[in-house]
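Asker: Under full-length UniProt numbering, the residue at position 230 of the sequence shown is numbered 230, and the numbers go up by one with no gaps. C-beta atoms are modelled at their ideal positions from N, C-alpha and C, and glycine is treated no differently.
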Amino acid sequence: MTQNQFFPAIGQLAQSADAGPGDAPDTGAQDDDRPLEEVQSLCMQCGEQGITRMMLTSIPYFKEVIVMSFRCEHCGSANNEIQSAGTIKDEGVLYTLKVLHRADLDRQIVRSEACTVEIPDFELQLPPARGQLTTVEGLLRDIVADLSSDQPVRRILDEAAYTKIQQIIDGIKEVLGDEEEVEDEAGEAGQVSSATEKNKEDPVKKAITIKLDDPSGNSFVEFLGSISDPKWTFKTYARNAEQNRVLGLLPSEEPSTEQAGTSEEKREADGEGAEGTNEDIYEFMGVCSRCARPLVTRMKKVSIPYFKDTLIMSTNCEHCGYRDNEVKSGAAISEKGKRITLKIEDREDLSRDILKSETCGLTIPEIDLALQPGTLGGRFTTVEGILEQVYEELSEKVYTVGDSSTMVDEDRQKFQDFLKQLKEITNAEKPFTLILDDPLANSYLQNLYAPDPDPNMEIVTYERTWQQNEELGLNDMKVENYTAEDANEPKEEKRLEEVAT
1 MTQNQFFPAI GQLAQSADAG PGDAPDTGAQ DDDRPLEEVQ SLCMQCGEQG ITRMMLTSIP
61 YFKEVIVMSF RCEHCGSANN EIQSAGTIKD EGVLYTLKVL HRADLDRQIV RSEACTVEIP
121 DFELQLPPAR GQLTTVEGLL RDIVADLSSD QPVRRILDEA AYTKIQQIID GIKEVLGDEE
181 EVEDEAGEAG QVSSATEKNK EDPVKKAITI KLDDPSGNSF VEFLGSISDP KWTFKTYARN
241 AEQNRVLGLL PSEEPSTEQA GTSEEKREAD GEGAEGTNED IYEFMGVCSR CARPLVTRMK
301 KVSIPYFKDT LIMSTNCEHC GYRDNEVKSG AAISEKGKRI TLKIEDREDL SRDILKSETC
361 GLTIPEIDLA LQPGTLGGRF TTVEGILEQV YEELSEKVYT VGDSSTMVDE DRQKFQDFLK
421 QLKEITNAEK PFTLILDDPL ANSYLQNLYA PDPDPNMEIV TYERTWQQNE ELGLNDMKVE
481 NYTAEDANEP KEEKRLEEVA T
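1. Would LEU448 and LEU362 be called neighbours here (beta carbons separated by less than 8 Å)?
2. Classify SER112 as buried or exposed, calling it buried when 16 or more other Cβ atoms lie within 10 Å of its own Cβ.
3. Measure the Cβ-Cβ separation of GLN83 and ILE109 and say whether it is below 8 Å.
4. Confirm, please, whether the CB-CB distance from GLU392 to TYR237 is below 8 Å.
5. Going by CA-CA distance only, name the one from ASP104, ALA114, HIS319 that's closest to LEU224.
6. Apart from the five residues just before and just after THR135, which ones in its own chain have a Cβ nearer than 8 Å to its Cβ?
7. With DSSP run on the structure shown, which of helix, strand or coil describes ASN325?
8. Which value, in whole angstroms, describes the spacing of the CA atoms of SER404 and VAL93?
9. Between ASN79, ALA160, LEU97, which lies nearest to ASP142 when the distance is taken from Cα to Cα?
10. Do VAL287 and THR310 count as a contact pair if the criterion is CB distance below 8 Å?
11. Quick check: the Cα distance between ASP202 and GLU174, rounded to an integer number of angstroms?
12. Taking just the CA atoms, how far does SER69 sit from PRO128?
13. Quick one, are the C-beta atoms of GLU384 and SER357 less than 8 Å apart?
14. Which value, in whole angstroms, describes the spacing of the CA atoms of VAL302 and ALA450?
15. Do you know how far the Cα of THR209 is from the Cα of ASP146?
16. Within 10 Å of its beta-carbon, does ASN427 have 16 or more other beta-carbons around it, so buried, or fewer, so exposed?
17. May I have the straight-line CA-CA distance separating ILE66 from LYS338, to the nearest angstrom?
18. Using the beta-carbon count (16 or more within 10 Å), is LEU342 buried or exposed?
19. Can you check whether the CB of MET457 is closer than 8 Å to the CB of ILE340?
20. Tell me which same chain residues have a C-beta within less than 7 Å of the C-beta of PRO439, skipping the five on either side of it?
21. What did DSSP end up calling ASN218 once you bin it into helix, strand or coil?
22. Is GLN372 helix, strand or coil when you go by DSSP?
23. By the DSSP assignment, the beta strand (DSSP E) with ASN456 in it spans what residues?
24. Looking at the strands, I want to know which residues DSSP matches up with SER303.
25. Whose CA, out of THR116, PRO215, SER148, GLN40, lies closest to the CA of ILE88?
26. Alpha carbon to alpha carbon, how far is ARG245 from PHE415? Give it in angstroms, no decimals.
27. Which of helix, strand or coil does DSSP assign to PHE284?
28. On the premise that VAL221 lies in contact with LEU97, defined as a C-beta separation below 8 Å, what is that separation, rounded to the nearest angstrom?
29. In angstroms, rounded to a whole number, what distance separates the CA positions of ASN325 and ARG379?
30. Helix or strand or just coil, what does DSSP make of GLY50?
31. Determine, using beta carbons only, whether TYR462 and PHE234 come nearer to each other than 8 Å.
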């Protein structure tokens, strides 16, 4: 039996639930076809037995998940959560969303049990908790409910903490557009001005930024339209040892000094260092970011014709199997940025070598594809290879949910069309334009006519803006007269003037 039989699509389960028992034939196998599984569970509030309902399903463009709901008929306690039924991803993910309009409050969110939520505008960080399938508005309302529950006690015991938390609550309510909450004489909650009832195009009263940092790679924030959504970005990153330890991927005991020495002796016995076998390859010892055991990182300097020297580093852990490849520039920082535009017309263009540095953005206007700097890290491959990597990342991590909303269906269809177009250009079925924009000029596209100019390629150098230099850490970099304390003052005044203007 395949995994899809255990995890049917969420739309199929919705149809099965709507059909009801009266619409199904009266067979002995009817109980085995129920979309929900029910088990008795102990209620942690009153100690009586409650009912936990579990549904195994697969969400389109995301993965297999387990949706669980608990309710106790004795005390009324209820909760629900979502857990991933797939494997932990090779890399963590960081999603950043700018909430500027009311339509942003309806964006779907999948928050795994390993995900940390941060709202820098309120200096608020939510630690990992139970998994959730919700929206931005639902997440913010949960935060308000959790913070408000203990406010009467805080007001008496710690007025300073009460004031600080109340400012956060009022700020979130301002984002949601809740003007007042009224309770009637019976104690039931009154009508709340909901953001869903207002114009989706209206801006929110207070713009905020929400970040989801998930080292397991199992969380997601919905984009609107296409992945070139200017308010939505996601990046992948390699987990560190502490994150792997939290996820349970590290061994129970740290490697001992004896094991580290054995690994060093084995390396010396096998290769006697890289210089003994290949003078162009260098090796240095390190610690694996996943299992915290000793490993060897190999580095080689490669000179790309008509470009510059480049460092290619390869890391392979023989204990846990972790592998990583990284490309960095081996030359000085360029004074200007570089933008490379290539018109790709046939499969021969797809075989061009490409070096995309970690500071480079990649854009394909024909399909509205825009990758922010830092996405995919540094890569040295071919044009076809990097397009295939983009397709794999999007088809695995990007997620669209909702079966009852027409708007969501339209978004899902748009994303299906986008993936189809991405596959078409990967197969060279139609021409397109590839743009590499690197403010450090550390990226490269092979010129098939070198040393003559390529008629399909345009290379433009430009002056970096102050903001680009700030993001790259170049504004505060000082390599001359750095011992003179007064040397920084004129530059600091100039920088403040530029910010003011």
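Answerer: Let's see:
1. In this structure, LEU448 sits away from LEU362, with a CB-CB distance that is not shorter than 8 Å.
2. Burial call: buried.
3. In this structure, ILE109 does not lie closer than 8 Å to GLN83 by Cβ.
4. Cβ atoms of TYR237 and GLU392: not closer than 8 Å.
5. The residue with the shortest Cα to Cα distance from LEU224 is ASP104.
6. Once the five neighbours on either side are set aside, the close Cβ partners of THR135 are LEU105, ASP106, ARG107, GLN108, ILE109.
7. Here ASN325 sits in strand by DSSP.
8. Confidence in SER404 is poor, its pLDDT being 37 and thus under 50, which makes the residue's placement too unreliable to answer from.
9. Looking from the CA of ASP142, the closest CA among ASN79, ALA160, LEU97 belongs to ASN79.
10. The answer is no: Cβ separation not under 8 Å.
11. Approximately 14 Å, taken between the alpha carbons.
12. The alpha-carbon atoms of PRO128 and SER69 are separated by roughly 19 Å.
13. In this structure, SER357 does not lie closer than 8 Å to GLU384 by Cβ.
14. Spanning the two alpha carbons is a distance of roughly 18 Å.
15. Using only the alpha carbons, I get a separation of about 20 Å.
16. It counts as exposed.
17. Between ILE66 and LYS338, the C-alpha separation is close to 47 Å.
18. A buried status is given to LEU342, since no fewer than 16 other beta-carbon atoms sit within 10 Å of its beta-carbon.
19. Yes, Cβ-Cβ distance for ILE340 and MET457 is below 8 Å.
20. Same-chain partners within the cutoff: GLY337, THR359, ARG464, GLN468, LEU472.
21. ASN218 falls in the coil class under three-state DSSP.
22. Residue state for GLN372 is assigned as coil, using DSSP reduced to three classes.
23. Note, ASN456: premise wrong, no beta strand (DSSP E); not H, not E.
24. Beta-bridge pairing links SER303 to ASP309.
25. Ranking the options by Cα distance to ILE88, first place goes to PRO215.
26. Going from the Cα of PHE415 to the Cα of ARG245 covers about 35 Å.
27. Strand at PHE284.
28. The beta-carbon distance between LEU97 and VAL221, rounded to whole angstroms, is 5 Å. This is short enough to meet the 8 Å contact definition.
29. Using only the alpha carbons, I get a separation of about 8 Å.
30. In the structure shown, GLY50 sits in a strand (DSSP, three-state: E or B).
31. The Cβ-Cβ distance between TYR462 and PHE234 does not fall below 8 Å.
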